[in-house]
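Numbering (the working numbering), first residue to last: 226 to 708.
Backbone N, C-alpha and C fix where the C-beta goes; we use that ideal spot for every residue, glycine too.
Note that the coordinates shown come from a computational prediction; the quantities given were computed from them, not determined experimentally.
Structure record follows, encoded as structure tokens.
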């Protein structure tokens with residue numbers, strides 16, 4: 226073989242090898258990437274070729290699937306009570322990525338989760354029967370929260386303190402996830418929902434932290450008792466009224482000028498929501514101790530999954546003393562979600578122990594075989610001692626029985642709570658946020674509830690935690706306690 230032919234042969238062989246390498250690359254790497262591409266319609270066709278698994282509340286499915294007409298996507302998702310459970314389910318859409326539980330358990334619900342495969346599925350390479358998601362939601366509590374919030378812009382969360390099971394998650398105004406499920410009509414619904422100034426797609430219960438106002442005083446009180454700054458909720462504090470902010474000419478006043486807030490005990494200060502007491506208390510403790518207590522309750526946790534990822538509730542750093550004083554009343558840069566404030570009341574109601582909140586009890590196969598049980602996997606953290614928890618429970622009862630939270634009273638039940646009216650806008654120029662966090666106990670049942678009313682039709686002068694949020698919390702607690 227002459228030199229020219231030999232070189233041509235080698236070059237041809239290299240070309241063949243290059244083609245083989247490229248074909249292999251496309252087959253096993255680019256091919257998988259294309260298969261996994263969110264814009265690959267074959268994925269949607271496969272996902273919606275059969276009914277999806279369901280999300281379950283109290284043994285009843287709150288999702289469904291229905292056959293489509295004239296589409297290569299054979300089925301679409303349905304939500305019989307869509308607006309009621311939107312903050313729980315999210316949506317599974319033929320056009321958009323799924324959200325909330327629909328997104329987290331997408332593989333389980335569409336049958337691609339490897340745990341669902343039987344031996345025959347593996348042999349035939351067929352998609353398995355989809356599984357189901359069993360939630361901890363109590364339908365009566367969920368509906369009570371939804372109805373009580375009504376046309377208000379806000380949110381409510383209810384937790385069983387002893388188990389961490391979330392009994393209700395409501396965000397209003399809500400939306401109907403069914404509007405987003407059909408690829409042919411989802412676009413117009415999406416445009417309407419995303420341009421709505423009230424932001425109905427925002428889950429206010431989990432994913433919109435706002436200043437918690439005076440509800441945060443419970444955290445400051447817990448820090449003072451645990452630190453030994455005060456020995457009990459009935460020991461008089463060193464709290465001048467009015468309180469001049471450190472390094473400032475500003476004076477911090479109280480909502481009720483005639484309230485007995487000067488040197489008030491923690492019980493009286495919670496009862497009348499005395500700003501001077503808790504601002505001074507935060508400065509006396511120092512921001513480090515207040516932050517440490519806040520973080521025990523769950524603040525500054527960037528990985529709070531229930532299993533939906535909740536936005537981080539925050540306590541600020543690197544403040545001067547005046548700013549630290551303002552954090553003592555839940556202002557400056559303190560932020561919290563309703564979930565977080567429900568966790569505060571839950572830990573106090575549970576003797577100082579916080580059980581990790583969760584809204585999924587278990588996931589199962591189509592035949593109800595349990596794949597994973599989340600009720601058995603909860604973590605418990607001791608936030609405060611049982612003595613501190615008992616004292617705070619008692620002081621919270623005083624708030625409801627004689628103080629600023631009387632609208633939460635429930636006949637025949639033990640109820641404790643804390644109101645909050647958080648400033649909103651520069652110099653409080655916009656409508657304040659109304660908060661209420663509470664616990665209720667009766668006949669062996671217990672519940673912790675937090676309510677936020679971001680906006681309502683009430684006149685500004687009528688906006689308060691007791692006026693707007695406490696009645697919602699009362700309705701939720703009544704449903705949970707069976708009153």
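Using the DSSP secondary-structure output, state which residues sit across from residue i in a beta bridge.
i: residue 666; result: 639, 671
i: residue 660; result: 645, 677
i: residue 581; result: DSSP output for residue 581 lists no bridge partner at all.
i: residue 435; result: 561
i: residue 606; result: 579
i: residue 303; result: 289
i: residue 461; result: 490
i: residue 589; result: 357, 595
Let's see if you can read the secondary structure: which residues bound the alpha helix (DSSP H) around residue i?
i: residue 357; result: From DSSP, residue 357 is part of no alpha helix (DSSP H) but of the beta strand (DSSP E) over 357-360.
i: residue 404; result: Premise fails: residue 404 is in no alpha helix (DSSP H) and is neither H nor E.
i: residue 497; result: 491-497
i: residue 559; result: No alpha helix (DSSP H) holds residue 559; DSSP gives it neither H nor E.
i: residue 703; result: 695-706
i: residue 372; result: 364-374
i: residue 537; result: No alpha helix (DSSP H) holds residue 537; DSSP gives it neither H nor E.
i: residue 413; result: 411-420
i: residue 516; result: 512-522
i: residue 451; result: 442-452
Output the boundary residues of the beta strand (DSSP E) element that contains residue i.
i: residue 596; result: 595-598
i: residue 383; result: 378-384
i: residue 291; result: 289-292
i: residue 542; result: Neither: residue 542 is in no beta strand (DSSP E) and is coded neither H nor E.
i: residue 395; result: 391-397
Is it buried or exposed for residue i, if we count other Cβ within 10 angstroms and need 16 for buried?
i: residue 322; result: exposed
i: residue 498; result: buried
i: residue 465; result: exposed
i: residue 627; result: exposed
i: residue 593; result: exposed
i: residue 335; result: buried
i: residue 380; result: buried
i: residue 690; result: buried
i: residue 280; result: buried
i: residue 655; result: exposed
i: residue 420; result: exposed
i: residue 573; result: buried
i: residue 688; result: buried
i: residue 474; result: exposed
i: residue 637; result: exposed
i: residue 699; result: buried
DSSP three-state call for residue i: helix, strand or coil?
i: residue 286; result: strand
i: residue 342; result: coil
i: residue 615; result: helix
i: residue 530; result: strand
i: residue 259; result: A caution first: residue 259 carries a pLDDT of 48, below 50, which makes its placement in the model unreliable, though a value can still be read off. Three-state DSSP puts residue 259 in a helix.
i: residue 329; result: helix
i: residue 316; result: coil
Looking at residue j and residue i, is the spacing between their C-beta atoms short of 8 Å?
i: residue 555; j: residue 441; result: yes
i: residue 391; j: residue 361; result: yes
i: residue 374; j: residue 640; result: no
i: residue 694; j: residue 661; result: yes
i: residue 326; j: residue 282; result: no
i: residue 584; j: residue 523; result: no
i: residue 438; j: residue 631; result: no
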